[in-house]
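Enquirer: Can you read through this structure? Questions will come right after.
Okay, structure coming up:
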């Protein structure tokens, strides 16, 4: 609800009063939960990271990655699940707040950035594992490949139209193709 | 200057008074040029698109793309020049404003979105040309490939550290590799 408000009005233009009114709380009631707007933004960003971690990381970990086929299946599933999180209409209000440019206070920013970094490292490991199990050296390094993959997927929210030719299914297939051939092929 | 202010304080939290003070203009003087903050943001975004068009599109068009080698050189140069625009310290204040989430009034938004679309179409054509001249059908379609490329490059500003292991040179080489193998390979 607060996330929707921030997106409609802009984060900086939304006051604690606006948030309290939208949540049908008194200002005192809202301050009981959050001491500042920054804390609300941090809470939304944490929630967005939690959604990503639960859907993508937990989903991927359910696959046994011991064999080459298993490791490839993990990477394939990672691409699909991450795209689904970005495109999920229920979660979009929350997840898009991860890209809010407003600078958080250093302590809160470090926590969120740490979680974002952990996610990129997870992607890196999944990629490195496929490369290793394929056994042929690749000119593409896992850190660069992970940033490329996370970038192409996270950027989708900038241009995606639900009624466009690039449907979720087509996008999953195309991005999987580009990335598999490009980074581990 | 206004761009730097918007980034430091957040777009919505910056007033016309703040901008006038930073530019050492009277409020009347500022309003003589821009009728609203939205117009200033639109002006900055237009400037960012102009930088991208001049550096990338004009640079690429200088290469003769008639042969396969020429078409490949165009794509290679496009990747390098676009990464350079994103990483350019002088232009970063301007170009990062393209990602400002603040909703512009519909008329201004349409103009900027039209220019962004034209850029993606240009990328699409450069990719399609390489695929066509290679003569072997690709499972990857130019529209999906163009969005993937623009996404992986534009996302760089989210994580890039000038003193990190992924230097501009390494990044250009790695992203070129990923994209050439993945989308036209």
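Residue numbers (the numbering used here), protein chains in the order written: chain E, 1 to 185; chain D, 1001 to 1185.
Built from N, CA and C at the ideal position, the CB exists for glycine as well.
1. Please determine if the stretch 56-75 of chain E and the stretch 14-24 of chain E are in contact, where contact requires at least 3 C-beta pairs separated by less than 8 angstroms.
2. By Cβ distance below 7 angstroms, which residues in the same chain neighbour residue 5 of chain E in space, the five residues on each side in sequence not counted?
3. What residue does the alpha helix (DSSP H) around residue 1134 of chain D start on, and which one ends it?
4. Confirm, please, whether the CB-CB distance from residue 1167 of chain D to residue 1119 of chain D is below 8 angstroms.
5. Where does residue 1028 of chain D land, buried or exposed, given buried means 16+ other C-beta within 10 angstroms?
6. Can we say the stretch 1060-1074 of chain D touches the stretch 1119-1136 of chain D, given the rule of at least three CB pairs closer than 8 angstroms?
7. Let's test the definition: count the other Cβ atoms within 10 Å of the Cβ of residue 1165 of chain D and tell me whether it reaches 16, buried, or not, exposed.
8. Could you tell me the boundaries of the alpha helix (DSSP H) in which residue 1032 of chain D lies?
9. Classify residue 1163 of chain D as buried or exposed, calling it buried when 16 or more other Cβ atoms lie within 10 Å of its own Cβ.
10. Taking CB distances under 8 angstroms as the criterion, tell me whether residue 1141 of chain D reaches chain E.
11. What are the start and end residues of each continuous alpha helix (DSSP H) run of 4 or more residues lying completely inside the stretch 128-180 of chain E, in chain order?
12. Please report how far the alpha carbon of residue 153 of chain E lies from the alpha carbon of residue 80 of chain E, in whole angstroms.
13. Going by other Cβ atoms of all chains shown within 10 Å of its Cβ, with 16 needed for buried, is residue 1174 of chain D buried or exposed?
14. Can you list the alpha helix (DSSP H) stretches of 4 or more residues lying completely in the stretch 1045-1097 of chain D, in chain order?
15. Mind reading off the beta-carbon distance from residue 146 of chain E to residue 124 of chain E? Whole number of angstroms is fine, and I expect it under 8 angstroms.
16. Residue 1096 of chain D to residue 1181 of chain D, Cα distance in whole Å?
17. Could you tell me the alpha carbon to alpha carbon distance between residue 1158 of chain D and residue 1083 of chain D, rounded to whole angstroms?
18. Taking the straight line between their C-alpha atoms, what separation do you get for residue 1054 of chain D and residue 1062 of chain D?
19. Beta carbons nearer than 9 angstroms to chain E: which residues of the stretch 1011-1044 of chain D have them?
20. Tell me whether residue 169 of chain E is buried or exposed, calling it buried when 16 or more other Cβ atoms sit within 10 Å of its Cβ.
21. Looking only at C-alpha atoms, which of D:1161, D:1034 and D:1086 sits nearest to residue 1098 of chain D?
22. Could you tell me which of E:110, E:115, E:134 and E:48 sits nearest to residue 88 of chain E, measuring between CA atoms?
23. For residue 122 of chain E, go through chain D and note every residue whose CB falls closer than 7 angstroms to its CB, in chain order.
24. Under a three-way DSSP split, which group does residue 182 of chain E fall into?
25. Tell me whether the beta-carbon of residue 1041 of chain D lies closer than 8 angstroms to the beta-carbon of residue 1102 of chain D.
26. Just curious, the alpha helix (DSSP H) that residue 21 of chain E is in, first and last residue?
27. Compare the C-beta of residue 1144 of chain D with all C-beta atoms of chain E and state if any pair is closer than 8 angstroms.
28. Just curious, the alpha helix (DSSP H) that residue 2 of chain E is in, first and last residue?
29. In chain D, which residues lie less than 7 angstroms from residue 94 of chain E when you measure between Cβ atoms?
30. With distances taken Cα to Cα, identify the nearest neighbour of residue 198 of chain E among D:1010, D:1156 and D:1033.
31. Please classify residue 1012 of chain D: does DSSP put it in a helix, a strand, or coil?
32. Within its chain, find whatever has a CB closer than 6 angstroms to the CB of residue 1138 of chain D; leave out the 5 residues flanking it on each side and keep chain order.
33. Applying the 10 Å Cβ sphere with the 16-neighbour rule, what's the burial state of residue 1114 of chain D?
34. Alpha carbon to alpha carbon, how far is residue 1044 of chain D from residue 1093 of chain D?
Expert: On the basis of the data shown:
1. no
2. Reading the first chain from its first residue, position 5 is the one you call residue 5 of chain E. So the list reads 14, 18, 19 and 22, once near-sequence residues are dropped.
3. Position 134 of the second chain, counted from the first residue, corresponds to residue 1134 of chain D. 1106-1134 is the extent of the alpha helix (DSSP H) around residue 1134 of chain D.
4. Mapped onto the second chain, residue 1119 of chain D falls at position 119. Mapped onto the second chain, residue 1167 of chain D falls at position 167. Result no, Cβ atoms of residue 1119 of chain D and residue 1167 of chain D do not sit closer than 8 angstroms.
5. Stepping through the second chain from its first residue, residue 1028 of chain D is reached at position 28. Exposed, since its Cβ has fewer than 16 Cβ neighbours within 10 Å.
6. yes
7. The sequence position of residue 1165 of chain D within the second chain is 165, counting from 1. It counts as exposed.
8. Residue 1032 of chain D sits at position 32 when you count from the first residue of the second chain. Here the alpha helix (DSSP H) through residue 1032 of chain D covers 1027-1033.
9. What you label residue 1163 of chain D is simply residue 163 of the second chain in a count that begins at 1. The residue in question, residue 1163 of chain D, is exposed, as its Cβ has fewer than 16 Cβ neighbours within 10 Å.
10. The sequence position of residue 1141 of chain D within the second chain is 141, counting from 1. Interface residue, yes.
11. 142-154 and 168-179
12. Taking the first residue of the first chain as position 1, residue 153 of chain E is located at position 153. Taking the first residue of the first chain as position 1, residue 80 of chain E is located at position 80. Rounded to whole angstroms, residue 153 of chain E to residue 80 of chain E spans 10 angstroms at the Cα level.
13. As a working note, residue 1174 of chain D is residue 174 in the second chain. The residue in question, residue 1174 of chain D, is buried, as its Cβ has 16 or more Cβ neighbours within 10 Å.
14. 1058-1061, 1068-1087 and 1089-1095
15. For the purposes of this step, residue 146 of chain E is taken as residue 146 along the first chain, with counting starting at 1. For the purposes of this step, residue 124 of chain E is taken as residue 124 along the first chain, with counting starting at 1. With 8 angstroms as the limit, residue 146 of chain E and residue 124 of chain E qualify as a contact, their Cβ atoms being about 4 angstroms apart.
16. Stepping through the second chain from its first residue, residue 1096 of chain D is reached at position 96. Stepping through the second chain from its first residue, residue 1181 of chain D is reached at position 181. Residue 1096 of chain D and residue 1181 of chain D: Cα-Cα distance of roughly 29 angstroms.
17. The residue labelled residue 1158 of chain D in the question sits at position 158 within the second chain. The residue labelled residue 1083 of chain D in the question sits at position 83 within the second chain. The alpha-carbon atoms of residue 1158 of chain D and residue 1083 of chain D are separated by roughly 13 angstroms.
18. Mapped onto the second chain, residue 1054 of chain D falls at position 54. Mapped onto the second chain, residue 1062 of chain D falls at position 62. Distance between the alpha carbons of residue 1054 of chain D and residue 1062 of chain D is about 11 angstroms.
19. 1011, 1012, 1013 and 1014
20. Looking up residue 169 of chain E in the first chain gives position 169. By the neighbour-count rule (16 or more Cβ atoms within 10 Å), residue 169 of chain E is not buried but exposed.
21. Residue numbering aside, residue 1098 of chain D sits at position 98 when the second chain is read from its first letter. Of D:1161, D:1034 and D:1086, the residue nearest in Cα terms is D:1086.
22. Translated into positions along the first chain, residue 88 of chain E becomes position 88. Residue 88 of chain E has its Cα closest to that of E:48, out of E:110, E:115, E:134 and E:48.
23. Looking up residue 122 of chain E in the first chain gives position 122. What residue 122 of chain E touches in chain D: nothing, since even the nearest Cβ is about 15 angstroms away.
24. By 1-based counting over the first chain, the position of residue 182 of chain E is 182. If DSSP states are grouped into helix, strand and coil, residue 182 of chain E belongs with the helices.
25. Here residue 1041 of chain D refers to the residue found at position 41 of the second chain. Here residue 1102 of chain D refers to the residue found at position 102 of the second chain. Cβ atoms of residue 1041 of chain D and residue 1102 of chain D: closer than 8 angstroms.
26. The count along the first chain starts at 1 and reaches residue 21 of chain E at position 21. Start and end: 16-22.
27. Here the question's residue 1144 of chain D lines up with position 144 in the second chain. Closer than 8 angstroms: yes.
28. Working through the first chain from its first residue, we reach residue 2 of chain E at position 2. 2-9 is the extent of the alpha helix (DSSP H) around residue 2 of chain E.
29. Here residue 94 of chain E refers to the residue found at position 94 when the first chain is read from its first residue. The contacting residues do not exist; residue 94 of chain E stays about 14 angstroms from chain D at best.
30. Coverage of chain E is limited to positions 1 through 185, which leaves residue 198 of chain E absent and any answer about it impossible.
31. One-based indexing of the second chain puts residue 1012 of chain D at position 12. Coil at residue 1012 of chain D, not helix or strand.
32. One-based indexing of the second chain puts residue 1138 of chain D at position 138. Here the set comprises 1131.
33. Looking up residue 1114 of chain D in the second chain gives position 114. Exposed, since its Cβ has fewer than 16 Cβ neighbours within 10 Å.
34. Position 44 of the second chain, counted from the first residue, corresponds to residue 1044 of chain D. Position 93 of the second chain, counted from the first residue, corresponds to residue 1093 of chain D. Each residue's Cα considered, the two are about 9 angstroms apart.
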